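Trainee: First the structure, which I've put down as structure tokens, then a few questions once you've had a look.
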Amino acid sequence: MLGIRLGRGSLGTERAQEALAGYAFIAIPLALFMIFNIGSLFYSLYISFWRWEILGPTDFLGLRNYQFILRDEIFHTAVKNSVYYTVIVVPIQMALGLTLAVTVNQIWRGRSFFRAAFYFPAIASSAAITVLFIYILAPDGLLNHLLELIGVVPLSFHNRGNWLGHSDTALNSVIGLNAWTTSGTMMLYYLGSLQAIPSEVYEAAKVDGAGGWTTFRRITFPLLAPAHYLVAVVSVIGALQLFDQAYIAGGADGNPNYALMTIVLYLYNATFRQFEFGYAAAVGIVLFIIIFTATLIQRRFFGSSDWASSR
Amino acid sequence: MSDTTAARPLTAVEPLPDDNRSRRRIGRIVIYAILILYSLIIFLPFLWTLSTSFKTLPESLQLTIIPREPTTYGYVKAWTQLLPPLPVMFLNSAIIAAIATLTNVFLGALGGYAFARLRFPGREALFLLVLGTLMIPDQLRLVPVYQILVNLRLIAPGPENYVGISLIFAISATSLFIMRQFFLTLPFDLEESARMDGAGFFTAFWRVLLPLSRPALAVVAIMTFQGTWNGFFWPLVILQAPAHWTLPLGLSQFRFQYSADWPPLMAMDVIATVPIVLLYLFFQRYFVGGLSAGAVKG
């Protein structure tokens, strides 16, 4: 829109200089984005059509990598685990974040303390948190000690108190771990929106005789629709990319018995254990399609008239 | 809502003042009880880690919050007996995080300034392109990025490996976004007067605008440092030689090697987390400054 008018007096030169400066300023960042992000996206698609190992491409396979993926049983397990994880963890994250935000928003004294405290787990590394939970959830760890303290005998459970080590409880343990870690972040997203609700709305409800619960259910909750949407989208994208915790707790195989095998762990294995780069690239594309579809579905869901009218 | 408000007399719906006050007090007690309980749920695991890091091996399996015989055995073992040595991993984490912080601050400011205040054809489209990269999951980039770095011979046992990881961390769209949004808020005649005095575009940026943007630079610096220090996926992929491992990589390895020896493992956990906790204590407001910017990821 802002055409460069070279050689048309001092204004034109000035404009041209400004444009040149602009390009020079963004040159390095843009080059990096072009190579490692946008270029990689297309490169990934290209690689996915080949049998491509450490030494590079050998045979053109067309869509056959994708066919192999869809037929592999471990991939099915990975998708099942990732979807189960997402479907369970996201509502927990949202409910926890919302509860904390509404509760913190009720008080004045100590508000900044509690806000800072609840965000605290989010500043530590996924590795540090996972190792810490491996210790707490071990058979002789803190959780079982606390359970014993209230008279529950973890050894009597069918996982024998080995929460991360038993295939029935491993994934649920990671759900608990990540709900705990992210609750503060989700709280902050909600707090921002809560504070944007004008106080007249609450006053009107009060005059109307609405109790605390009614006010929350009929007014606060619907008015938070944009925050629900934001938190849901961010959580779902993050959940479908579950990797660090699964890898650190269960190793590259997602032990025990593939209970922690996720889509990204599967992709990692295809790359660095089988060295099937073409196949792995195809897994990446499939993951992208899954994430993209999930985001579109949420947009449809949250964008429906029911949600929009509550704004 | 407002219709019914007008129709109803106020006195009929308001409870007696006394009743109201005691109900409100009970409500407040419940709220503080919830908040304190959840704070315990948040802090107990961290306290447990800290406590265990000062325990003897037998005591690490017992339910004691304050160690009965406090010992530095865990720290000494973690610091001196790991391979690669813990100080090396600490240094790797620090070097990689420091480089990423510098590049994000500098390139973020430079690019953010241009996108906010310099007029050039294609500016909006290019900025949208940069923001669009936030939609690309890291894992989708795994194979191509790895292949590119292999081709550039940056996946290597030598120091060029650090160049490889630094290229991946060099600039994030979030850093650019934060800086651009900040530069949009400053008055536009600032650099014009500098330009009148004959300063070039870079000088105007460097001398006039940059000194004013410390709060935004601090947000970018803190966010980048924390994210890189804690990073797991890219270091795991790129830093394959143990001599280049960062603390999170070491933790993920020694968690198997030392699976029954909790005190050194927890000491390592503490050492890996303390730098970020210190940053959080001193620069708390900058930690969440980027949160709203992170929302563009959605």
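As they're listed, the protein sequences go chains E and U. With the numbering used here, letter number 66 in the first sequence gets 967, and the count goes up by one each step, no holes. With the numbering used here, letter number 21 in the second sequence gets 334, and the count goes up by one each step, no holes. Even glycine gets a Cβ: it sits at the ideal position worked out from N, Cα and C. In this text the structure is predicted, and so the values were computed from the model without any measurement.
If you compare alpha carbons, which of SER1026(E), ALA1071(E), LEU999(E) is closest to GLY1093(E)?
Mentor: Here the closest residue by C-alpha is LEU999(E).
Trainee: Within the same chain, show all residues whose beta-carbon is closer than 8 angstroms to that of SER364(U), passing over the 5 residues directly before and after it, in chain order.
Mentor: Closer than 8 angstroms at the Cβ level, and outside the excluded window around SER364(U), lie THR377, ILE378, ILE379, PRO380.
Trainee: Apart from the five residues just before and just after LEU1125(E), which ones in its own chain have a Cβ nearer than 6 angstroms to its Cβ?
Mentor: Taken in chain order, the residues that qualify are SER1094.
Trainee: How many angstroms separate the CA atom of ALA1039(E) from the CA atom of PRO371(U)?
Mentor: One C-alpha to the other measures close to 15 angstroms.
Trainee: Along the segment 1034-1062 of chain E, where does the CB come closer than 9 angstroms to a CB of chain U? Name the residues.
Mentor: So the close ones are PHE1034, ILE1035, TYR1036, ILE1037, ALA1039, ASP1041, GLY1042, LEU1043, HIS1046, LEU1047, GLU1049, LEU1050.
Trainee: Mind listing the chain E neighbours of ASP582(U)? Cutoff is C-beta to C-beta under 8 angstroms, in chain order.
Mentor: Chain E residues near ASP582(U): ALA1029, VAL1032, LEU1033.
Trainee: Name the chain U residues whose beta carbon is nearer than 7 angstroms to that of GLU954(E)?
Mentor: Simply none; closest approach about 11 angstroms.
Trainee: Consult DSSP for ASP973(E) and reduce its assignment to one of helix, strand or coil.
Mentor: Coil, per DSSP.
Trainee: From ALA1140(E), GLU1104(E), GLY1152(E), ASN1170(E), pick the residue whose C-alpha is nearest to that of TYR985(E); which is it?
Mentor: The option with the nearest alpha carbon to TYR985(E) is ALA1140(E).
Trainee: Which of the residues in the segment 351-367 of chain U, read from start to end, lie with their CB under 9 angstroms from any CB of chain E?
Mentor: Residues passing the 9 angstroms Cβ filter: TYR351, SER352, ILE354, ILE355, PHE356, LEU357, PRO358, PHE359, TRP361, THR362, THR365.
Trainee: Could you check whether the Cβ of SER1074(E) sits closer than 8 angstroms to any Cβ belonging to chain U?
Mentor: It does not: the Cβ of SER1074(E) has no partner Cβ on chain U nearer than 8 angstroms.
Trainee: Taking its Cβ as the centre, do 16 or more other Cβ atoms sit within 10 Å of HIS1059(E), making it buried, or is it exposed?
Mentor: With fewer than 16 other Cβ atoms within 10 Å, it is exposed.
Trainee: Taking its Cβ as the centre, do 16 or more other Cβ atoms sit within 10 Å of GLY421(U), making it buried, or is it exposed?
Mentor: Under this definition GLY421(U) is a buried residue.
Trainee: Mind checking THR385(U): buried by the 16 CB within 10 Å criterion, or exposed?
Mentor: Per the 10 Å Cβ criterion, exposed.
Trainee: Opposite TRP953(E) in the DSSP bridges: which residues?
Mentor: Looking at the DSSP assignment, TRP953(E) forms a beta bridge with PRO958(E).
Trainee: For PHE1214(E), would you say it is in contact with chain U, using Cβ-to-Cβ distances shorter than 8 angstroms as the test?
Mentor: The structure shown does not extend to residue 1214(E), since chain E is modelled only from 902 to 1212, so the question has no answer here.
Trainee: What residues from the segment 413-426 of chain U come within 8 angstroms of chain E, judged by C-beta to C-beta, listed N to C?
Mentor: So the close ones are LEU420, GLY421, LEU423, GLY424, TYR426.
Trainee: Can you tell me which of the three DSSP states THR1194(E) falls into?
Mentor: THR1194(E): helix per DSSP, three-state reduction.
Trainee: What residue range is occupied by the uninterrupted alpha helix (DSSP H) comprising ASN1170(E)?
Mentor: Per DSSP, ASN1170(E) belongs to the alpha helix (DSSP H) from 1164-1173.
Trainee: Shorter than 8 angstroms from the beta carbon of GLN570(U) to some beta carbon of chain E?
Mentor: So no, GLN570(U) is outside the interface.
Trainee: Run through the segment 1023-1107 of chain E for me and flag every whole alpha helix (DSSP H) of 4 or more residues, listed as ranges in chain order.
Mentor: If we require 4 residues or more, the alpha helix (DSSP H) runs fully inside the segment 1023-1107 of chain E come out as 1027-1037, 1043-1050, 1071-1095.
Trainee: Closest by CA to PHE976(E), which one among ARG1201(E), ALA1195(E), ALA1181(E)?
Mentor: That would be ALA1181(E), whose Cα lies nearest to the Cα of PHE976(E).
Trainee: Within the 8 angstroms Cβ cut-off, does ASN1170(E) reach chain U?
Mentor: ASN1170(E) does not count as touching chain U.
Trainee: Between the segment 933-951 of chain E and chain U, which residues of the former have CB atoms less than 8 angstroms from a CB of the latter, in chain order?
Mentor: Against chain U - using a Cβ distance shorter than 8 angstroms - the residues of the segment 933-951 of chain E are LEU933, PHE934, ILE936, PHE937, ASN938, ILE939, GLY940, SER941, LEU942, TYR944, SER945, ILE948.
Trainee: With a cut-off of 8 angstroms, does the C-beta of GLY611(U) fall near any C-beta of chain E?
Mentor: Annotation note: pLDDT 30 at GLY611(U) (below 50); position unreliable, no value reported.
Trainee: List the residues of chain U whose Cβ lies closer than 8 angstroms to the Cβ of ALA1195(E), in chain order.
Mentor: By Cβ distance, chain U contributes nothing, its closest Cβ being about 12 angstroms from ALA1195(E), past 8 angstroms.
Trainee: Short of 8 angstroms in beta carbon distance, which residues of its chain neighbour GLN570(U), apart from the five on each side in sequence? Order them along the chain.
Mentor: Excluding sequence neighbours, GLN570(U) sits near nothing in its chain.
Trainee: Mind listing which residues of the segment 516-532 of chain U have their C-beta closer than 7 angstroms to chain E's C-betas, in chain order?
Mentor: Correct list: empty, as no residue qualifies.
Trainee: HIS1067(E) and PRO1157(E): beta carbons closer than 8 angstroms?
Mentor: Result yes, Cβ atoms of HIS1067(E) and PRO1157(E) sit closer than 8 angstroms.
Trainee: Quick one: using the 10 Å Cβ neighbour count with 16 as the cut-off for buried, is LEU348(U) buried or exposed?
Mentor: By the 10 Å Cβ count, LEU348(U) comes out buried.
Trainee: Grouping DSSP H, G and I as helix and E and B as strand, with all else coil, what is PRO582(U)?
Mentor: The residue you asked about is not Pro; residue 582(U) is Asp in the sequence shown. The answer is helix: DSSP assigns ASP582(U) an H, G or I state.
Trainee: Within the continuous alpha helix (DSSP H) that includes ASP574(U), where are the two ends?
Mentor: Premise fails: ASP574(U) is in no alpha helix (DSSP H) and is neither H nor E.
Trainee: Can you check whether the C-beta of PHE1015(E) is within less than 8 angstroms of a C-beta belonging to chain U?
Mentor: Closer than 8 angstroms to some Cβ of chain U, the Cβ of PHE1015(E) qualifies, so yes.
Trainee: For VAL1132(E) and TYR1090(E), what's the separation of their Cα atoms in angstroms?
Mentor: Cα to Cα, the separation comes out at about 7 angstroms.
Trainee: Given a cut-off of 8 angstroms, decide if ILE1149(E) and LEU1188(E) are closer than it, judged by their beta-carbon atoms.
Mentor: Going by C-beta atoms, LEU1188(E) is not nearer than 8 angstroms to ILE1149(E).
Trainee: Against chain A, with Cβ distances strictly below 8 angstroms, would ALA483(U) count as a contact?
Mentor: Protein chains in the displayed structure are E and U, and chain A is not among them.
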